[in-house]
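Taking it in order: structure first as structure tokens, then the write-up.
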Ligand code: KMH
Ligand code: ZN
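This is the structure in structure tokens:
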């Protein structure tokens, strides 16, 4: 099996420090978090940033200051620079014009959401014209998309974009499972990943895939991905707990947990260089 790429979603847009005191929201806190998760085995950092009041932001200057802090802390720690994957999902309610902006910073990777859906009690809006504008911005800026798949129909939307020639292979897919309003990882009385296997069977070739299980689904989804040869995303954006009732100490503890799980199942962890070779084969 290919090496396991661990992505850490360190901050997110929908939570705050009242829910987890270790949520990294300042550039300095994000830099420290990134060093910790890279040391623990993460090679991709899914990143949202915050404004001066710690609210979610898609402003270039807020991404820029976090990037500067992260890169210098990673360098000072003597580590290889991880792949920074910015969010174009932003916070629920943020307009696409603003969500697209940080692509002009030309990060190596960014998330690409594929459909409007219920997101808890909110609506996460990704219209079909939005997606076309987003695809153009990815291409114009030479950014590699990670397609966020919350439901089966999102794979169909990806097929449509491919048919139109709007996005390029290989297709990197993250199944984000367990959002109330999207697909759950398991059907009733089923925990073995049959839904995931079906979703994989629907993907366009060539692809890589991973799972971000939300909340209590994070660890069981990670185990399915490790066993089936996929990649894993963990982090405080998706889940605050190490185990039922036990708050994770920080992002690094969530990554360490998955690295140990992978080791126990005989799967080796991708270094940053290996992750780049897998995700960017043409470079
Ligand atoms: N904050 C969520 C509404 C992404 O980063 O691309 C969307 C999100 C997805 O976090
Ligand atoms: Zn996100």
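In our numbering, the protein residues as written are 90 to 372. Glycine is no exception: its CB is placed at the ideal position from the N, C-alpha and C atoms.
- Relative to the Cα of residue 291, the nearest Cα in the group 238, 268, 117 belongs to 238.
- Straight-line spacing of the CA atoms in residue 319 and residue 263 works out to 10 Å.
- The chain-ordered list of residues whose CB is nearer than 5 Å to some heavy atom of the ligand KMH reads 102, 176, 178, 181, 200, 213.
- Within the stretch 160-240, the complete alpha helix (DSSP H) segments at least 4 residues long are 185-189, 217-230, listed from N- to C-terminus.
- For residue 137, the closest C-alpha among the options 131, 316, 128, 112 is that of 112.
- With respect to the 9 Å criterion, residue 369 and residue 197 are classified as neighbours on the basis of their beta carbons.
- About 14 Å separates the Cβ atoms of residue 191 and residue 119, ruling out a contact at the 8 Å cut-off.
- DSSP places residue 104 outside both helix and strand once states are collapsed to three, so it counts as coil.
- Residue 310 is not bridged by DSSP to any residue.
- In the structure shown, residue 149 falls within a helical segment according to DSSP collapsed to helix, strand and coil.
- In chain order, 209 place their CB closer than 6 Å to the CB of residue 269, counting only its own chain and leaving out the 5 sequence neighbours on each side.
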